[in-house]
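See below for the structure under consideration.
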Amino acid sequence: MLIPTEDRRKIHTHLFKAGVVVAKKDFNQAKHEEIDTKNLFVIKALQSLTSKGYAKTRFSWQYYYYTLTDEGVVYLRNWLNIPEEVVPDTHKKPSRSAAGGRPTREDRRSRQNEDYKRREPKEVPGAEVTPQFN
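First residue of the sequence shown? That's 1 in the UniProt record's numbering, and the numbers climb one at a time after it.
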């Protein structure tokens with residue numbers, strides 16, 4: 001299918017930036033939800049990338065899910081003239097902050113022990129009554 005170069009560039013740019021594209025299986029839909037082009041152009045352009053091995057396709061509940069492969073990253077980087085430092089969002093490692101990270105096992109155990117030691121004894125009803133035996 002002939003797709004205008006401007007629309008193909010929009011589709012490829014969005015795919016490279018996000019690393020994933022979701023398209024509803026509606027060939028008559030006038031416009032794609034995320035990309036400013038026809039939904040049919042998006043499906044067919046990504047179908048072409050899938051046949052070349054640059055993207056993977058999953059289909060579920062009348063939606064196409066396209067993910068970019070490593071070969072696709074290299075291809076789109078060359079096609080869009082993007083530098084090597086720029087990578088798709090799905091290929092970025094999440095940054096862990098030192099303060100907001102998950103506590104280690106020792107930290108959790110020491111906190112549990114402190115909580116246990118700080119607890120006040122429960123009040124039992126009738127604890128002030130002392131039994132008397134004759």
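C-beta atoms are modelled at their ideal positions from N, C-alpha and C, and glycine is treated no differently.
Query	Result
Flag this pair as touching only if the region 79–88 and the region 38–47 have three or more C-beta atom pairs under 8 Å; answer yes or no.	no
Looking at the unbroken beta strand (DSSP E) that takes in Y66, where does it start and where does it end?	63–68
With a floor of 3 residues, list each beta strand (DSSP E) that falls wholly inside the UniProt domain "Plectin/eS10 N-terminal" (3–94), ordered by position along the chain.	20–24, 55–60, 63–68
Measure how close the beta-carbons of Y88 and V73 come, nearest whole angstrom, since I'm counting them as under 8 Å.	For the sequence presented, residue 88 should be read as Pro rather than Tyr. Sure, about 6 Å apart at Cβ, within 8 Å.
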